[in-house]
Amino acid sequence: MQNGSLSPAVAPSAPSAAAQTPAVAEKPPASLYGGVTSRRVTVRDLASAKQRGERWPMLTAYDALTASVFDEAGIPVLLVGDSAGNCHLGYETTVPVTMDQMVMLSAAVVRGTKRALIVADLPFGSYQESPGQALHNAARLMKEAGVGAVKLEGGERSAPAIELLVQAGVPVMAHLGLTPQSVHALGGYPVQGRGDEAAHQLLRDAKTVAAAGAFAVVLEAVPAELAAQVTASLQIPTVGIGAGADCDAQVLVWTDMAGMTAGRVPKFVKQYADLRAALGDAARAYAADVIGGEFPAAEHTFH
Ligand code: KIV
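Its first residue numbered 0, the sequence shown is counted upward by one per residue in numbering that gives the first Met the number 0.
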């Protein structure tokens with residue numbers, strides 16, 4: 000019943016909160032990658048993938064065009080990360096990103112996709128004040144942008160917010176280890192969870208966010224052995240970024256993965272294309288054609 004005879008996909012040109020509404024009581028498919036073809040992926044699908052031991056890929060996306068490429072490529076979960084701050088909006092860090100920006104970018108990603116579960120980051124300052132503030136802003140992302148889930152950083156300190164969101168029907172992805180919104184407190188982007196005390200704290204945090212109801216947890220820049228231990232101790236999927244091969248899923252920032260980022264990328268990034276060079280070459284070739292009078296040619300011209 001799952002493959003091919005599910006509820007019709009929502010048209011990407013008609014974004015709304017309904018665009019991310021999962022079909023009610025659908026049996027999860029036998030396979031996440033390629034198995035969900037005619038509806039949105041749901042958090043239930045991710046739970047069953049964990050039970051089957053099936054790994055899955057997640058990528059960031061910040062606009063409709065790029066998101067549509069990843070959706071067509073079958074990436075089951077797209078994260079509208081607040082990494083948009085550094086990767087898309089030209090800030091130094093994720094800290095300046097606002098709720099209005101996240102709503103605008105998330106709505107574009109929802110519009111560009113039919114199948115992926117869209118998770119949007121709650122940006123710095125939009126949830127730390129109180130669980131009520133977290134719910135207010137998560138509701139904006141769901142109602143105004145149409146996302147299917149939100150992500151927030153922090154372990155024990157964020158548990159009350161996670162609990163309230165989950166009670167209110169908001170699926171929450173947690174984020175532990177290196178939490179970029181704390182860059183100024185951390186003094187940069189160091190690997191986290193090294194040493195016995197830090198490792199125990201991370202494990203405690205992971206168990207706490209799972210008990211609070213998170214449907215998945217991102218583990219960023221933590222030793223692979225610790226990530227493996229967390230993954231084995233949780234019922235919910237772990238999504239690794241710089242956390243080794245034993246996580247249930249992996250996420251990369253798309254501009255890093257595709258070679259769009261200028262300059263150095265973190266050690267954990269694998270670059271699958273060189274789009275920055277390709278796009279630069281295309282722009283230089285176009286400029287040379289215009290300057291040399293070779294573009295537009297006869298076939299590009301109306302008479
Ligand atoms: O904002 C982001 O892109 C993220 C990922 C790095 C997990 O949080």
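Beta carbons: idealized from backbone N, C-alpha and C, even for Gly.
Please read these numbers as outputs of a predicted model, since none were measured by experiment.
Review point. Which stretch, first to last residue, makes up the alpha helix (DSSP H) that contains His174?
Key: It is not in any alpha helix (DSSP H) - His174 instead sits in the beta strand (DSSP E) that spans Val171 to Gly176.
Check your understanding: How many whole angstroms separate the CB atoms of Ala119 and Val165, which I take to be in contact at a CB cut-off of 8 Å?
Key -> Incorrect: roughly 16 Å between the Cβ atoms, too far for contact.
Review point. Any idea what DSSP makes of Thr41, helix, strand or coil?
Key: Correct three-state label for Thr41: coil.
Point to revise | Ile240 - containing beta strand (DSSP E), residue span | key: Thr237 to Ile240
Check your understanding: Going along the chain, which residues of its own chain have a beta-carbon closer than 8 Å to the beta-carbon of Leu177, five neighbours each way excluded?
Key -> Leu185, Tyr188, Pro189, Val190, Gln191, Glu219, Ala220, Val221 and Gly241
Point to revise | Spatial distance of Asn2 from Lys49 (CA atoms) | key: Caution applies to Asn2, whose pLDDT of 34 falls short of 50 and renders its modelled position unreliable; the model cannot decide the point.
Check your understanding: Cβ of Val250 versus every heavy atom of ligand 1: is any distance shorter than 6 Å?
Key -> Relative to ligand 1, the beta carbon of Val250 is positioned inside 6 Å of a heavy atom.
Check your understanding: Taking 6 Å as the line, does the beta carbon of Thr254 fall inside it for any heavy atom of ligand 1?
Key -> no
**Study point:** Close Cβ partners of Tyr271 (< 8 Å) along its chain, the five nearest in sequence each way excluded
**Key:** Met256, Ala257 and Gly258
Point to revise | Same chain, Cβ closer than 8 Å to Arg275, five either side skipped, listed in chain order | key: Gly258, Met259, Thr260 and Ala261
Check your understanding: Out of curiosity, what's the CA-to-CA distance linking Gln228 and Val169?
Key -> 27 Å
Check your understanding: Are three or more beta carbon pairs between the segment 92-109 and the segment 126-134 nearer than 8 Å?
Key -> no
Exercise for review: Compute the distance between the beta-carbons of Ala63 and Ala107, then report whether it is under 7 Å.
Suggested key: yes
**Study point:** Helix, strand or coil at Met259 according to DSSP, with G and I counted as helix
**Key:** coil
Review point. Excluding sequence positions up to five away, which residues of its chain have a Cβ less than 6 Å from the Cβ of Leu104?
Key: Tyr61, Val79 and Ala83
Check your understanding: Should Glu152 go down as buried or exposed, given a rule of 16 or more other Cβ atoms within 10 Å for buried?
Key -> buried
Review point. So does Gly80 have its beta carbon nearer than 6 Å to some heavy atom of ligand 1?
Key: yes
Review point. Just to confirm, does Thr59 get its C-beta within under 6 Å of one of the non-hydrogen atoms of ligand 1?
Key: yes
**Study point:** Secondary structure, beta strand (DSSP E): runs of 3+ residues fully inside the segment 132-219
**Key:** 148-152, 171-176 and 215-219
Point to revise | Coil, strand or helix - Val300 by DSSP | key: Before going further, note that residue 300 is Thr rather than Val in the sequence given. Three-state result, Thr300: coil.
Check your understanding: What does a CB cutoff of less than 6 Å around Asp81 pick up in its chain, not counting 5 residues either side in sequence?
Key -> The answer, listed in chain order, is Thr93, Val96, Asp120 and Pro122.
Exercise for review: Let me know the secondary structure DSSP gives Leu116 once reduced to three states.
Suggested key: In this structure, Leu116 counts as strand in the three-state DSSP scheme.
Review point. With distances taken between CB atoms, is the gap from Lys206 to Met172 smaller than 7 Å?
Key: no
Point to revise | Whether Ala66 touches Leu77 by CB criterion (7 Å) | key: yes
Exercise for review: Can you give me the start and stop residues for the beta strand (DSSP E) that Val79 sits inside?
Suggested key: Val76 to Val79
Check your understanding: Per DSSP, what kind of secondary structure is Thr36 in: helix, strand or coil?
Key -> coil
Review point. According to DSSP, which residues form a beta bridge with Trp55?
Key: Ala248
Check your understanding: Do you know how far the Cα of Leu233 is from the Cα of Tyr32?
Key -> Straight through space, the alpha carbons of Leu233 and Tyr32 are spaced by roughly 22 Å.
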